[in-house]
Every structure is written in C-alpha cells, then in structure tokens.
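Take a look at the structure below.
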Amino acid sequence: MRVETITTVLDLVGVFINGLLGGSVARRRELDLFGYVVIGVVSGLGGGLIRDVLLQHGPPLALTNPLYIPIALAGAGVAFLLKFTERDWNRLFYVLDAIALCVWAVAGAQRTLAVGLGWLPAILLGTTTAVGGGATRDLLVQRVPAVFGGNGLYASVAALVAALQVICSALGAPTVVGTSVGVVVGTALRLVAYRRGWELPGGLEWEARDVIGKAVHPPLRRNRRRGRRRDGDD
Amino acid sequence: MRVETITTVLDLVGVFINGLLGGSVARRRELDLFGYVVIGVVSGLGGGLIRDVLLQHGPPLALTNPLYIPIALAGAGVAFLLKFTERDWNRLFYVLDAIALCVWAVAGAQRTLAVGLGWLPAILLGTTTAVGGGATRDLLVQRVPAVFGGNGLYASVAALVAALQVICSALGAPTVVGTSVGVVVGTALRLVAYRRGWELPGGLEWEARDVIGKAVHPPLRRNRRRGRRRDGDD
Amino acid sequence: MRVETITTVLDLVGVFINGLLGGSVARRRELDLFGYVVIGVVSGLGGGLIRDVLLQHGPPLALTNPLYIPIALAGAGVAFLLKFTERDWNRLFYVLDAIALCVWAVAGAQRTLAVGLGWLPAILLGTTTAVGGGATRDLLVQRVPAVFGGNGLYASVAALVAALQVICSALGAPTVVGTSVGVVVGTALRLVAYRRGWELPGGLEWEARDVIGKAVHPPLRRNRRRGRRRDGDD
C-alpha cells in the first residue's frame, strides 16, 4: 500500500514535469496557448496513452483517472506563465525526471503483464510508456525524437528497468521488489550516464557487401574494394 | 430526430470539405493519386478515428458507418480532378468549415460522455475530434500543425464548443440544446475571430529564473539581471 | 493448412526484411542502437499494429504472437551489424518485399472482414497493413512517406490486392484462392511497375476556378484569365 502510494505520486510528478517540459518546447517554437496545452498533454500523457491503446483493455488510464489530465495541464500552464527553457528544466528536474522515467517503465511493464501478454511485449510497452510521450512531442514539433541518440541512455534505461520488472515478476517477487529495484538501479544508471555523456553505439561498420553482396555481383566488387572503409573513421 | 438528422448531415458535410481540403494539400505537395486518398481520408476522418481509438469502445464510427469513407474519398477525388488551392478552399468553405468544426466538437464530447468518462476527457476528445484530422494531415506532409497558432482561434473554438456541450449535459438539457448552443455560439465566434485575425497569446514573459532559479544558482543571477527582459517586447 | 503455413512464413519474412530495411534507414540517419530497434520494430510491425488498433478487437497480433517482435528485432539487428544501404536492400530483397506486401494486404483485408466490417474498410485496412509500417517509419525520421509517390505503384498494388481479396471473399471462394490470386497478381504487377518505373498520376489540371469560382467572384475572373495555365506545364 505504502509503495503503491509512492509510485502513484512519482508517476504524477512525472506527468507534471513532462507537461512542463512540453510547455518549454512549445515556448521555444513560439506556439500559442493551445500549442502549450497539446504539447504538454502529449509529453505528460502520450506514453501511457499509446500503451493503453495498444493493450486494448479499456479506456486509457489517463482518461479514466481524473488526476492525469489536470496535472499535465498544470505543467503546461506553468511553462506558459514562466519563461522556462529546456536547459533550465534539465538543471532543475533531471533527477526527478530520471525517477519518473523508471516509474513509468515499471508501470508499463506491470500493466502489460497484468493483461496477460508476454515478457517481450512487456519490455516493449514499458519502454514505450516511458519514452513515447517525449517522442510523440518531438514529432509534433518536427524534430527527430531525442530518444534516437545523444541523450545519455535515456531510452535504454527505460528498457532495462522494464526488463528488471519482468525478471522480478517471473521470479515471483512481490511488486514492491521489482518496483524498488527498477527505480533505484535505473535512476542511478541514468544519472551516471547523463553526467558522463554515455551513449549507445551507432551501427557497426561491417560491410554487408562483403558478406552478402559478393554472391550477387562478384565482378563489381573489385573496383569498389579500393575505396572501401573510406567512410569509416577508425 | 430532426436535429439528429441535421447534425449527421453537417458531420458528413464536414467530412467532405475536409477531404477536399486534404486533397488541396496533397496537390500543393505534388503527391500522386494515392497521396490524395491518404491525405483526404486522414483530413476527413482522422479526428474521429483518434477519438474512437482512445475511447476503446468498439471499431471507429468511420469504419462501421458505410458513409464516412466514401464521402471523404469523394472530397479527395474532387480535389484531384479540380485545381483547387487552399486559398480557394478558404474562400468557398470557411463558413461550412466553421459549422463542421463545431458539429465535430459536439459529437466528440457527447460520445465521450456516453462512454462514461468525465468532463475533462470530454472536452479533450471533443477538441481532438474537431482538430485531430487536420493536425495529423499536417504531420503527414511535414508541417507544424496549423492548430498550434495563427489560425483564428480554430482549436480554441472547438474546445469552447465541447465545454458548452459538457455544461449543457451536466445541466440535464436535452441533446438538441447543447448541440444548437454549441454550434451557433461556436460558429459565430469562429467567423468573427477568422475575419478579425484574433489569436491566442503566446507564452508570457515572466522569468522562471526569477521565481525558481534564484534558489538554485543565486550567485549567477547578478550579472544576468542587467540583460534581463531584453528579449521581451513590451 | 499448407497454404496457411506458407502465408505465415511469408508474413514473417516480410517482418524480417522490413525490420532490416528499417535498420538501413536508421543507419542512414546515424541513429544509435535504440534507434535501430524502434525503426526496425515500426517498419516490421507498424502496419499490423495500426490495423489492430483500429479494429479494436483485442491486443494486436504483433503483441500476442511471440514470433513477431523477435523477428523484427532480428532484422534491425542485422542492419546494425552489417553496413547495409537502402539500395543494397532494394537489390537483394525487392522480390521478397513485393511478395510480403501482397501477403500483408491479404491478411489485413481478411482480418477486417472477419471482424464483420464492410468491403471498403477491408480495402482501407488491407492497404494500411501493407504500407502503414513504412509510412510511420518515414514519419519518425522526418521524411514525407515514400508511399505518397515515386515508388512503382507500391501502395496501389496493396490496395488492388486487398480489393481482390474482398471480391474473392464476396464470391464465397475459399481463403486459399483469394490469397493465391492476390499474391500472384499483385507481385507480378509490382515487379513490372518497379522495373518500368510506372507511377500513379498526380493531380489533374482542371481549373477549379473555372468550374466553381466563376459563381463566386465573376468580376475578378477577367484579369486573371490572361495569366491562366501559366503554372501548368503542358
């Protein structure tokens, strides 16, 4: 009971600060008040909405629980009133955001397992819950979603936390254990990765042409081989 | 009965002219025939589809009612045959579009309340029904959705009409009253706002740093104060 | 039974090669590993996910069948390891891709009819199943979806195959017939269209102003007529 209360509070804190972040993005794009509302709601509630739409298990939590929409709107409203940049936001809230990221990933994985789906959908939808709102927000304002790179393992931490939740659930551990482990480990990793600028690798440089192409167009290979790896840096 | 027939007809008129508008956008982007079909269908049916997917209450109306898809396609087809610009469209259809906007907002709010959700989701989904198709269309062709600003209170009118519908419903007024009030008030406001170029305000200029930042980095404030408000116009 | 096995295998082959294609797009955009995963999953599973969300008939097949996600991930993983361009992909897989396109269109139409919806939604969702993943992928990386033109009748073939499936179903033909006819005819058409660069037409050049505008602003027409058709090429 105690843990569930904490989880709910952290979930809603995440909604608020993501609504606020959405509002900061709306300000940067010089949107009008309606733009703040849309981007704030999408940032704060988008991940859960996508998850619940995919789960097909009744109306989304964000619509049935009367707290979600007002709290997301409050975040956007604060961003509308106060001149807040994304950098200010990062400085003030990145710890809270790391915690909320993990809480959302745990909640998404739990909800997916509760509906009876398997471990892989649980990880997928846990991650989606955590990063889907921000990604949709970025799409709405026409930028490549930040989760695709250069963001201190943001999405990877969400996937890891969802995976931990799945493992704890498979081991029969009570909810509190999975939640605590996921949030503590995930938040710690996220904060370290954020400060040190850790990144996932980009694509490797093995040449598909070497492996597969040879069989298809062997005569073409000779000339091209000389210039090979020119576009690789190492 | 009479009113419901009128509402249905206006709803379908909205589908047709938004399909046509979508087709005009497709023409501007020089898409092929399939592009006209997709953009027309999204413009005409997108808002209702998003609403029904979020409500999770059976297949979307646009798929179960056999009139919606053909009418949206007819609109796109006309735009494919006739050289129609968005400006032509605005000149010819902005009154009809204002009416359809309000009808859609009313219908979205009613449907949300009928499913048993609260007043805030009803306003949110009423607005989504009215403006979601156009916003999705803009995303598909890579432009920032027009509802985010500079569009004569378009989205705000939808939100207001949905709110009026919610109030009338809460007061126990028969459907016809809420519908009539919403459509009449909303259309009038939209037409005035459109002609006079009324807009919602952008973000206010209160400095978040003054309110919150002081507590975080007090020593940094001194130097920055001199340059403060330079980027504010008033 | 035999045919259904073949269909399932071809469906999954489509998931794999579209995951791979998604990964190639991720490489071109220099996304990190998470980007490969997201774009791969969206490319391979997006069309079916959109269809199942719109059908509102239980959790999407891609989440309940344990093979879909791993196979899409495998495709993205291969693209992460091997340096694969979209051109390499086209050279190696376009026949397989044409087959998968048709299989997806058939499957989408069948599933829509099975839920009890009409022929037009069946064609719409059959096409969506076939091309929705690729279109969503293009949106995520900020390019106008390739299905909107210049792509060798890609989407049109999907619509045709879905329509053939609807016709076969209406005639009471067993599933195997509709599937076979659709896949054979569709694949043949796609391959010919691809090689010959066939395209759908863009919008026609009939002047809307001539047909409709005259009634609205007759006096303005005179001056404009001289400059008319200047923007038409033929």
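Protein chains in written order, with the numbering used here: chain A, 7 to 240; chain B, 7 to 240; chain C, 7 to 240. Idealized CB from N, CA, C, for every residue including glycine. The structure presented is a predicted model; accordingly, all values stated were derived computationally and were not measured.
_For residue 39 of chain B, would you say it is in contact with chain A, using Cβ-to-Cβ distances shorter than 7 angstroms as the test?_
no
*Which runs of the beta strand (DSSP E), 3 residues or longer, sit entirely within the segment 102-169 of chain C?*
none
*What does residue 38 of chain B pair with, by DSSP beta-bridge criteria?*
Among the bridge pairs identified by DSSP, residue 38 of chain B is matched with C:208.
_Buried versus exposed call for residue 134 of chain B [16 or more other C-beta atoms within 10 Å across all chains shown]_ = buried
*Would you call residue 180 of chain A buried or exposed, if buried means 16 or more other Cβ atoms sit within 10 Å of its Cβ?*
Answer is exposed; the Cβ neighbour count stays below 16.
*Just how far apart, CA to CA, sit residue 101 of chain C and residue 195 of chain C?*
11 angstroms
*Give the straight-line distance between the Cα atoms of residue 112 of chain B and residue 42 of chain B, rounded to the nearest whole angstrom.*
28 angstroms
_Residue range of the unbroken alpha helix (DSSP H) whose run includes residue 6 of chain A_ = This structure does not reach residue 6 of chain A, given that chain A is present from 7 up to 240, and the question cannot be answered.
*Quick one: is residue 6 of chain B buried, meaning 16 or more other Cβ sit within 10 Å of its Cβ, or exposed?*
Nothing about residue 6 of chain B can be read from this structure; chain B reaches only from 7 to 240.
*Please decide whether residue 86 of chain A counts as near chain B, where near means a Cβ-Cβ distance under 7 angstroms.*
By this cut-off, residue 86 of chain A is an interface position.
*Hey, out of A:60, A:10 and A:192, whose CA is closest to residue 123 of chain A's CA?*
A:60
*Using a cut-off of 7 angstroms between C-beta atoms, extract the partners of residue 36 of chain C located in chain A.*
208
*What whole-angstrom Cβ distance do residue 109 of chain C and residue 20 of chain C have, given they're in contact under 8 angstroms?*
6 angstroms
*Closest Cβ-Cβ distance between residue 62 of chain A and chain C: below 7 angstroms?*
yes
*Is the segment 53-70 of chain A close to the segment 129-143 of chain A, with three or more CB pairs under 8 angstroms?*
At 8 angstroms Cβ cutoff, the stretches touch.
*Quick one: grab the DSSP three-state call for residue 171 of chain B.*
helix
*Do you know how far the Cα of residue 18 of chain C is from the Cα of residue 75 of chain C?*
Taking the Cα positions, residue 75 of chain C is about 10 angstroms away from residue 18 of chain C.
*chain C partners of residue 42 of chain B, CB-CB under 8 angstroms?*
209
*asked:* Quick check on residue 193 of chain A: buried or exposed, where buried means 16 or more other Cβ atoms within 10 Å of its Cβ?
replied: Label assigned to residue 193 of chain A: buried.
*Assigned exposure category for residue 95 of chain C - 16 Cβ within 10 Å defines buried*: buried
_By alpha-carbon positions, which one of A:105, A:143 and A:203 ends up nearest to residue 150 of chain B?_
Answer by Cα proximity: A:143.
*Is DSSP giving residue 192 of chain B helix, strand or coil here?*
helix
_If distances are taken between C-alpha atoms only, which option among B:39, B:104, B:10 and B:204 comes closest to residue 88 of chain B?_
Per the Cα distances, B:39.
*With a CB to CB cut of under 7 angstroms and the five nearest residues on each side skipped, what residues in its chain are close to residue 105 of chain C?*
16, 189 and 193
*Got a sec, what are the start and stop residues for the alpha helix (DSSP H) residue 67 of chain B sits in?*
67-70
*Please list, in chain order, all residues of the same chain as residue 13 of chain A whose beta carbon is under 8 angstroms from its beta carbon, the five residues on each side excluded.*
109, 112, 113 and 185
*Which word fits residue 84 of chain B, buried or exposed, when buried means at least 16 other C-beta atoms lie within 10 angstroms of its C-beta?*
buried
*Member of C:206, C:119 and C:46 whose CA lies at the smallest distance from the CA of residue 153 of chain C*: C:206
_When you measure from the CB of residue 102 of chain C to every non-hydrogen atom of the ligand HEM, does any distance come out below 6 angstroms?_
Looking for the ligand HEM in the displayed structure turns up nothing, as the structure carries no ligands at all.
*Check whether the Cβ atoms of residue 250 of chain B and residue 69 of chain B sit closer than 7 angstroms, and answer yes or no.*
There is simply no residue 250 of chain B to check, as chain B begins at 7 and stops at 240 in what is shown.
*Between the Cα of residue 73 of chain B and those of C:201, C:77 and C:125, spot the shortest distance and give me the residue it belongs to.*
C:125
*Under 7 angstroms Cβ to Cβ from residue 103 of chain C, same chain only, skipping five residues before and after it: list those, please.*
23
*Since residue 162 of chain C meets chain B, which of its residues come closer than 9 angstroms, beta carbon to beta carbon?*
Correct list: 38, 39 and 40.
*Helix or strand or just coil, what does DSSP make of residue 83 of chain C?*
helix
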